[in-house]
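Before any comments, here is the structure.
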Amino acid sequence: MTTISETSTPATTDSQTSAPTSAAPAQRRSYLPAKSTDRRPVTDPEATLREQLDDQRYLDMRTDMGLQYVDGLRIPSYGDMSVPGYRMVPVNVAREYGLAGLTEGEDPLEEIEIDEPTTEPVGAVDGNSVPTFVEGIRGQHLFDILNATLLAQLAANAKFDREQDPINWTRFYGKVLENVGFVVPEFSFFGLRSRDARFSMDQAVLKVIAAILTPTQVELAKASFDALQSLRSDDRRLQIFRRNSSDNRSGNFQISSVGESKAGIVSLKLNAFFFKTDEQVTDVLWFKFRSASTTLQATRTTLVLNDQVYDRLRQSILDKLGNRGLNFIGGLELSDV
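Heads up: the sequence shown is residues 1 to 337, going by UniProt numbering.
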């Protein structure tokens, strides 16, 4: 069995370096962390959310600022790129090139009622992210999470190189979510190392997420991996994740879990992973990486959603996304959970 351990080595070197080589590990380079922000660190997201909900003046201010922020946010269109360069496989291109996973009934997201809680767990592909949603989350909250995190991904793509500057990319991703109503703690990044000569990324991921997810949520993540792996190689959902999670010898992807408390508080348990290697990566979750020539880092945290702010921003976010939500999101059937 692959043994994965966390390391405390901080990300302190130049983010624009090339992929690591098979030289001694001491010569490998890591990523450059973004400068810390001046805002007050969030140590208890739910307590911070309760403070926000008790302050109507704050909610009004956040809404006004959020509307202006979304309106001015720059996101790429991807509309003028040739097919080989597409990073998110729009639906019309997928149909033109005969990708699978486009027929009615193949996407479980189509069956979800906005105003009803889900009756079973749901998985999805959302750009470079594979989120799972536990049973009982309201449909509106599920789509809010998918749309908000897609917006954050697209905006971060326009601001930073996702593979070459993943730390700053992730911090900006969090900034976007904060501006549309989420309570976002600071991101803390750490290294991962395998004692084996080669390791598979899914094993590294499971090691990290077990520290922040419940056993049930971990099983749902495993089920999502299985669902992805079982798709045809030309399935649009698998293509979306492949093209956004890695680029030859580097990558940046997320595995997350979303739940809703009895009080209606929506939490997003986010696990993000970045790697550089000297090999050509194919399917990132199941690729056998060489430990001596791979640098792997991660971050994990829990965000909560301020419903009262997001409700007022929802239409603005949908308008900004346009048809990108349709193009870049697909559901996964989870079995044996």
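All residues carry an ideal CB built from backbone N, CA and C; glycine is no exception.
Predicted model, so just to flag it, every value in this text is computed and none were measured.
Requested in this report: Measure the CB-CB distance between LEU303 and VAL184 and report whether it falls below 7 Å.
Outcome: Translated into the one-based positions of the sequence shown, residue 303 becomes position 303. Translated into the one-based positions of the sequence shown, residue 184 becomes position 184. For LEU303 and VAL184, yes; Cβs fall inside 7 Å.
Report task. Compute the Euclidean distance between the alpha carbons of LEU305 and GLY98, then round it to the nearest angstrom. Result -> In the sequence shown, residue 305 corresponds to position 305, counting from 1. In the sequence shown, residue 98 corresponds to position 98, counting from 1. Rounded to the nearest angstrom, the two C-alpha atoms are 38 Å apart.
Report task. Can you tell me which of the three DSSP states PHE241 falls into? Result -> Within the sequence shown, the letter at position 241 stands for residue 241. Three-state result, PHE241: helix.
Query raised in the report: How would you label ARG62, buried or exposed, when you count the other beta carbons within 10 angstroms and need 16 or more for buried?
Result: The residue labelled residue 62 in the question sits at position 62 within the sequence shown. It is buried - the Cβ of ARG62 has at least 16 other Cβ atoms within 10 Å.
Query raised in the report: What is the residue span of the alpha helix (DSSP H) that LEU126 lies within?
Result: Numbered from 1 along the sequence shown, position 126 holds the residue referred to as residue 126. Inspection of the sequence shows that residue 126 is occupied by Asp rather than by Leu. No alpha helix (DSSP H) holds ASP126; the beta strand (DSSP E) holding it covers 122–126.
Report task. For the alpha helix (DSSP H) holding GLU219, just list the boundary residues, first then last. Result -> As a position in the sequence shown, residue 219 is number 219, starting the count at 1. Where GLU219 is concerned, the enclosing alpha helix (DSSP H) stretches over 215–230.
Query - Spatially closest choice to ASN147 from GLN68, PHE199, LEU109, ARG249, by CA coordinates - result: In the sequence shown, residue 147 corresponds to position 147, counting from 1. Nearest of GLN68, PHE199, LEU109, ARG249 to ASN147, Cα basis: LEU109.
Query - Sub-7 Å separation of SER316 and ARG193 beta-carbons - result: Stepping through the sequence shown from its first residue, residue 316 is reached at position 316. Stepping through the sequence shown from its first residue, residue 193 is reached at position 193. Not in contact: SER316 and ARG193 (Cβ atoms no closer than 7 Å).
Query - Classification of GLU116 by the beta-carbon crowding that lies within 10 angstroms, buried from 16 upward - result: The count along the sequence shown starts at 1 and reaches residue 116 at position 116. So GLU116 counts as exposed.
Report task. Compare the Cα-Cα distances from THR7 to each of THR301, GLY330, ARG324, THR295 and report the closest residue. Result -> The residue labelled residue 7 in the question sits at position 7 within the sequence shown. It is THR295 whose Cα lies nearest to the Cα of THR7.
Query raised in the report: Which whole-angstrom value describes the C-beta separation of ARG249 and GLU279, a residue pair presumed to lie in contact below a C-beta threshold of 8 Å?
Result: In the sequence shown, the residue the question calls residue 249 occupies position 249. In the sequence shown, the residue the question calls residue 279 occupies position 279. The Cβ separation is near 7 Å, so the contact holds.
Query raised in the report: According to the Cβ coordinates, are VAL130 and LEU313 closer than 7 Å?
Result: In the sequence shown, counting from the first residue as 1, residue 130 sits at position 130. In the sequence shown, counting from the first residue as 1, residue 313 sits at position 313. Cβ distance not < 7 Å, so VAL130 and LEU313 don't count as in contact.
Query raised in the report: Under 7 Å, do LEU285 and ASP202 count as touching if we go by C-beta distance?
Result: For the purposes of this step, residue 285 is taken as the residue at position 285 of the sequence shown. For the purposes of this step, residue 202 is taken as the residue at position 202 of the sequence shown. For LEU285 and ASP202, yes; Cβs fall inside 7 Å.
Query raised in the report: Residues in its own chain within less than 8 Å of LYS288 by CB, not counting five upstream and five downstream?
Result: In the sequence shown, residue 288 corresponds to position 288, counting from 1. Closer than 8 Å at Cβ, skipping near neighbours: ARG198, PHE199, SER200.
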